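*Asks:* If you scroll down you'll find the structure; I have some questions about it.
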Amino acid sequence: MAVQTVAGNATTASPDLGPAAALSCRECGERFELGPLFACASCFGPLEVAYDLPTGSPEELRKRIEAGPDNIWRYAPLLPVPADVADKPNLNPGFTKLVKADNLARELGVTGGLYVKDDSGNPTHSFKDRVVAIAVEAARAFGFTTLSCSSTGNLAGAVGAAAARAGLRSCVFIPHDLEQGKVVMAAVYGGELVGIEGNYDDVNRFCSELIGDPLGEGWGFVNVNLRPYYGEGSKTLAYEICEQLGWRLPDQIVIPIASGSQLTKIDKGLQELIRLGLVEDRPYKIFGAQAEGCSPVSAAFKAGHEVVRPQKPNTIAKSLAIGNPADGPYVLDIARRTGGAVEDVTDEQVVDAIKLLARTEGIFGETAGGVTLGVTKKLIEAGVIDPTLTTVVVNTGDGLKTLDAVSATSQATATIKPSLDAFRAAGLGTA
Ligand SMILES: *Cc1c(COP(=O)(O)O)cnc(C)c1O
108 MAVQTVAGNA TTASPDLGPA AALSCRECGE RFELGPLFAC ASCFGPLEVA
158 YDLPTGSPEE LRKRIEAGPD NIWRYAPLLP VPADVADKPN LNPGFTKLVK
208 ADNLARELGV TGGLYVKDDS GNPTHSFKDR VVAIAVEAAR AFGFTTLSCS
258 STGNLAGAVG AAAARAGLRS CVFIPHDLEQ GKVVMAAVYG GELVGIEGNY
308 DDVNRFCSEL IGDPLGEGWG FVNVNLRPYY GEGSKTLAYE ICEQLGWRLP
358 DQIVIPIASG SQLTKIDKGL QELIRLGLVE DRPYKIFGAQ AEGCSPVSAA
408 FKAGHEVVRP QKPNTIAKSL AIGNPADGPY VLDIARRTGG AVEDVTDEQV
458 VDAIKLLART EGIFGETAGG VTLGVTKKLI EAGVIDPTLT TVVVNTGDGL
508 KTLDAVSATS QATATIKPSL DAFRAAGLGT A
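Going by our numbering, the first residue of the sequence shown is number 108, and it counts up by one from there.
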């Protein structure tokens, strides 16, 4: 397959992206000027944003962050965005709740502190608002007029909404057979929504072709030609978790894997906090979660492989159904380097975990959240996650978008006539 390195043909008059200094190749380290590039011209490795990070004292930076807005822009000094980003039309996601999940901890036997980072609280109810918010600023800086993406569902909605706010056109691509909640959430913002007859990997391949074609000229694909910027949005999850823990690293974090971008960038964010002296440098472990029906990274981890063999997805966790994950090898590397693991659970365990989180903490996560909590439970039971240490589970999306997963087993307890006799006959009320 030909790899596209320069794409989109937009204007690039020295973009103002704040502390972002260049793009650098994750494989060979070669540097490139900031632009809509995503693959190294020399070795085709993925590009990521390199920074001139703040040089002042950690205390100064911490104070500056704490005085910032209650959204991801409080971390603007660490992101590829202009200094006045908070004044621009953007959905301003982030600073979602870190819930101390004591009921769940009791149920799972965790004594070291268990937290749920609940990203269902973002503007379009998934963590994707973080990555899109950064990509919008890059699209603006590079002069793109249409915002696009290949999506497993949540990204399409996040792009549609962000484009509406930013005053850009949007045209997004999804597999044709997604959950109704995902389709409606993607269509309602008024942009164009195209269902592709195929799975996510087919959608992604189609988008790569479109980028190289005149039909896609002037288009910023948030997770393709803007991918280096997009990825940086996930770092904010790491920043928030540590700040909300009182500027402390958690011991263990459990993160769902689709392409693997989120997991790798959370690690990048934690490393930056350590380097900047904002948190104490001590070990942490990163755990990756997949559904058994789409578990290419988990399979490679367990087999001791360094490469990921693609799979054909078949799972109710459609937001994670990427059979050929771009960042798979980096996820393996991070899980092994930090002493973590990658594990998978069945669809039945996903449903059980969605209901467990709802029943214990009043948080209704989507199937991806079920995957993550399901894997957490499995790894605690296997003695891989240490219950005596601080553990953060990331809930990346809202259960209202995947109602089908639980609708069969979540129904009214009884349906009765409006009378006390009927209520008593149903065996409800006090004895
Ligand atoms: C996209 C998505 C993820 C993970 O995405 P990556 O491609 O691994 O960054 C996790 N949860 C939900 C709900 C998502 O929509």
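Virtual Cβ for every residue (Gly too), placed ideally from N, Cα, C. Quick caveat, the model's predicted, so the values are computed rather than measured.
#1: Round the Cβ separation of Val452 and Gly490 to the nearest angstrom and send it over; I've been treating them as touching at under 8 Å.
#2: For the beta strand (DSSP E) holding Tyr158, just list the boundary residues, first then last.
#3: For a test of the three-state rule: what should DSSP assign to Ala512, helix, strand or coil?
#4: Which whole runs of the alpha helix (DSSP H) in the stretch 392-448 are 4 residues long or more, in chain order?
#5: Can we say the stretch 420-439 touches the stretch 513-530, given the rule of at least three CB pairs closer than 8 Å?
#6: How far does the beta strand (DSSP E) with Ser315 in it extend, from its first residue to its last?
#7: Name the DSSP beta bridge partners of Gln359, please?
#8: In this structure, does DSSP put Ile281 in helix, strand or coil?
#9: For Val110, which residues of its own chain have a beta-carbon under 6 Å away from its beta-carbon, when the five flanking residues on both sides are left out?
#10: Pull up the distance between the alpha-carbon of Gly400 and that of Ala529, whole angstroms please.
#11: Please classify Thr119: does DSSP put it in a helix, a strand, or coil?
#12: Should Asp454 go down as buried or exposed, given a rule of 16 or more other Cβ atoms within 10 Å for buried?
#13: With a floor of 4 residues, list each alpha helix (DSSP H) that falls wholly inside the stretch 200-224, ordered by position along the chain.
#14: Closest to Lys289 by C-alpha separation, out of Ser526, Ala532, Lys508, Glu450, would be which residue?
#15: Please identify the residue among Ala365, Leu168, Ser121, Glu350 whose C-alpha is closest to the C-alpha of Tyr307.
#16: Taking the alpha helix (DSSP H) that Leu486 falls in, what are its first and last residues?
#17: Would you mind reading off the limits of the beta strand (DSSP E) that contains Leu464?
#18: Any chance the CB of Ile429 is under 8 Å from a heavy atom of ligand 1?
#19: Whole-angstrom Cβ separation of Gln378 and Phe234, contact assumed at under 8 Å?
*Replies:* By the coordinates alone:
#1: Along the sequence shown, one-based indexing puts residue 452 at 345. Along the sequence shown, one-based indexing puts residue 490 at 383. With 8 Å as the limit, Val452 and Gly490 do not qualify as a contact, their Cβ atoms being about 17 Å apart.
#2: Translated into the one-based positions of the sequence shown, residue 158 becomes position 51. Note, Tyr158: beta strand (DSSP E), 154-158.
#3: Here the question's residue 512 lines up with position 405 in the sequence shown. Of the three classes helix, strand and coil, the one that applies to Ala512 here is helix, per DSSP.
#4: 403-410, 435-445
#5: no
#6: Taking the first residue of the sequence shown as position 1, residue 315 is located at position 208. Per DSSP, Ser315 belongs to no beta strand (DSSP E); it is in the alpha helix (DSSP H), 307-318.
#7: The sequence position of residue 359 within the sequence shown is 252, counting from 1. According to DSSP, which records beta bridges pairwise, Gln359 is partnered with Lys392, Thr498.
#8: Start at 1 with the first residue of the sequence shown, and residue 281 comes out as number 174. Three-state DSSP puts Ile281 in a strand.
#9: Indexing the sequence shown from 1 puts residue 110 at position 3. With a pLDDT of only 35 at Val110, under 50, the local geometry of the prediction cannot be trusted, and the value read off the model is given with reservation. Around Val110: Ala146, Phe151.
#10: For this step, residue 400 is matched to residue 293 along the sequence shown. For this step, residue 529 is matched to residue 422 along the sequence shown. Roughly 45 Å separates the two Cα atoms.
#11: Along the sequence shown, read from residue 1 onward, the residue named residue 119 stands at position 12. Note on Thr119: pLDDT 46, under 50, position unreliable in the model; no value is reported.
#12: For the purposes of this step, residue 454 is identified with residue 347 of the sequence shown, where counting begins at 1. Answer is buried; the Cβ neighbour count reaches 16.
#13: 209-215
#14: Here residue 289 is taken as the residue at index 182 of the sequence shown, counted from 1. Measuring from the Cα of Lys289, the nearest candidate turns out to be Lys508.
#15: For the purposes of this step, residue 307 is identified with residue 200 of the sequence shown, where counting begins at 1. Checked all of Ala365, Leu168, Ser121, Glu350; the closest Cα to Tyr307 is Ala365.
#16: Reading the sequence shown from its first residue, position 379 is the one you call residue 486. Leu486 -> alpha helix (DSSP H) spans 474-488.
#17: Against the sequence shown, residue 464 aligns to sequence position 357. From DSSP, Leu464 is part of no beta strand (DSSP E) but of the alpha helix (DSSP H) over 454-468.
#18: Translated into the one-based positions of the sequence shown, residue 429 becomes position 322. Ile429 Cβ: within cutoff of ligand 1.
#19: The sequence position of residue 378 within the sequence shown is 271, counting from 1. The sequence position of residue 234 within the sequence shown is 127, counting from 1. The Cβ separation is near 19 Å, so there is no contact.
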